[in-house]
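Engineer: Numbering (mature numbering (1 follows the signal peptide of the UniProt record, and there is no 0)), first residue to last: -18 to -1, 1 to 227. Where a beta carbon is used, it is the ideal one built from N, C-alpha and C, also for glycine. Bear in mind that the values here come from a model prediction, so they are computed numbers and not experimental data.
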């Protein structure tokens, strides 16, 4: 639309200049260059729109397959979602002017990206005198964005999106008891916290770790070196994590 108006304006200027014999050669040359530049810009804008649509189509296809792996969606449902998103993008791009085509495409496309993985889980059943290397089940999952934390009581977070993750865990035991809460990645200890040996009814320890994960890596919290028949108390023992970048 903006290009059309510029063509009209250049045409009007050309007619006005044609009546002035002194300025005609120079001004006509300027108008000719402007017309050529407008034509080139219009072609560039058209190509950018096509490229934006093609890139969005590829992103939608990739996200469709990713969603199927996470949520076991059917191919039919995913294809309909992809087609709807592409159609919406096409309609919105056709209504934009040259100045905001890129910005509008970016805003529309951003809604199709996967949410940032994150979870928060709580131990709701007291674990009485757990054995060495007992994996805390964290049977009550409060938040599970992305569905990467196992919600069937295994207490394991499995990475589906590679990147830098932040994990926080708290382990609580009864009075005069002690245990270590260990953050474990793929079977290897990453960080330890100590809980217990306090005269209070309950005692807890918390830890934070920032670690790099690849797709398929497992992260969990297990009990190490429980003493005095340490019981892992419910409600106060928690595990959380999220993708930092």
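Take residue 84 and list the residues in its own chain whose beta-carbon comes closer than 8 Å to its own, dropping the five residues that flank it on each side.
Structural biologist: Note that residue 84 has pLDDT 49, beneath the 50 cutoff, so the model's placement of it is unreliable and the number below is only indicative. Closer than 8 Å at the Cβ level, and outside the excluded window around residue 84, lie 30, 34.
Engineer: Report the rounded CA-to-CA distance for residue 14 versus residue 27, giving the unit in angstroms.
Structural biologist: Cα to Cα, residue 14 sits roughly 20 Å from residue 27.
Engineer: Alpha carbon to alpha carbon, what distance is there between residue 217 and residue 108?
Structural biologist: Near 8 Å, if we compare the C-alpha coordinates of residue 217 and residue 108.
Engineer: What span of residues does the beta strand (DSSP E) with residue 146 cover, start to end?
Structural biologist: Looking at the DSSP string, the run of the beta strand (DSSP E) that includes residue 146 is 145 to 156.
Engineer: Looking only at its chain, what residues have a beta carbon closer than 8 Å to the beta carbon of residue 88, apart from the 5 residues adjacent to it on each side?
Structural biologist: Below a pLDDT of 50, predicted positions are generally treated as unreliable, and residue 88, at 46, falls in that range; the measurement from the model is reported next regardless. The answer is none, since no qualifying residue turns up.
Engineer: Hey, could you find the ends of the beta strand (DSSP E) residue 194 is sitting in?
Structural biologist: It spans 184 to 195 - the beta strand (DSSP E) in which residue 194 sits, taken as one unbroken run.
Engineer: What residue does the beta strand (DSSP E) around residue 120 start on, and which one ends it?
Structural biologist: Premise fails: residue 120 is in no beta strand (DSSP E) and is neither H nor E.
Engineer: Measure the Cβ-Cβ separation of residue 100 and residue 225 and say whether it is below 9 Å.
Structural biologist: Yes, the Cβ-Cβ distance between residue 100 and residue 225 is below 9 Å.
Engineer: Using DSSP's beta-bridge definition, name the partner residues of residue 170.
Structural biologist: DSSP, once it has assigned bridges, lists 167 as partnering residue 170.
Engineer: Using CA coordinates, which residue listed in 173, 188, 167 is at the minimum distance from residue 199?
Structural biologist: That would be 167, whose Cα lies nearest to the Cα of residue 199.
Engineer: Going by beta carbon distance, what residues of the same chain come within less than 7 Å of residue 177, once the five residues before and after it are set aside?
Structural biologist: So the list reads 153, 154, 155, 160, 161, 163, 185, 186, 187, once near-sequence residues are dropped.
Engineer: Which word fits residue 92, buried or exposed, when buried means at least 16 other C-beta atoms lie within 10 angstroms of its C-beta?
Structural biologist: For residue 92, the predicted model reports a pLDDT of 44, less than 50, meaning its position is unreliable; a value from the coordinates is still stated below. Per the 10 Å Cβ criterion, exposed.
Engineer: Are the beta-carbon atoms of residue 173 and residue 191 separated by less than 9 Å?
Structural biologist: Cβ atoms of residue 173 and residue 191: closer than 9 Å.
Engineer: Taking its Cβ as the centre, do 16 or more other Cβ atoms sit within 10 Å of residue 37, making it buried, or is it exposed?
Structural biologist: It is exposed - the Cβ of residue 37 has fewer than 16 other Cβ atoms within 10 Å.
Engineer: DSSP state of residue 200, grouped into three classes?
Structural biologist: It is a strand residue.
Engineer: Got a sec? Which residues, its chain only, sit under 7 Å from residue 113 by beta carbon, not counting five neighbours each side?
Structural biologist: Cβ neighbours of residue 113 beyond the five flanking positions: none.
Engineer: Just how far apart, CA to CA, sit residue 25 and residue 17?
Structural biologist: Rounded to the nearest angstrom, the two C-alpha atoms are 13 Å apart.
Engineer: In the DSSP assignment, what residue or residues form a beta bridge with residue 224?
Structural biologist: Beta-bridge pairing links residue 224 to 100, 148.
Engineer: Please report the distance separating the alpha-carbon of residue 103 from that of residue 21.
Structural biologist: C-alpha separation (whole angstroms): 59 Å.
Engineer: Under 9 Å between the Cβ atoms of residue 205 and residue 115?
Structural biologist: Yes; because the gap between Cβ atoms is below 9 Å, this pair is in contact.
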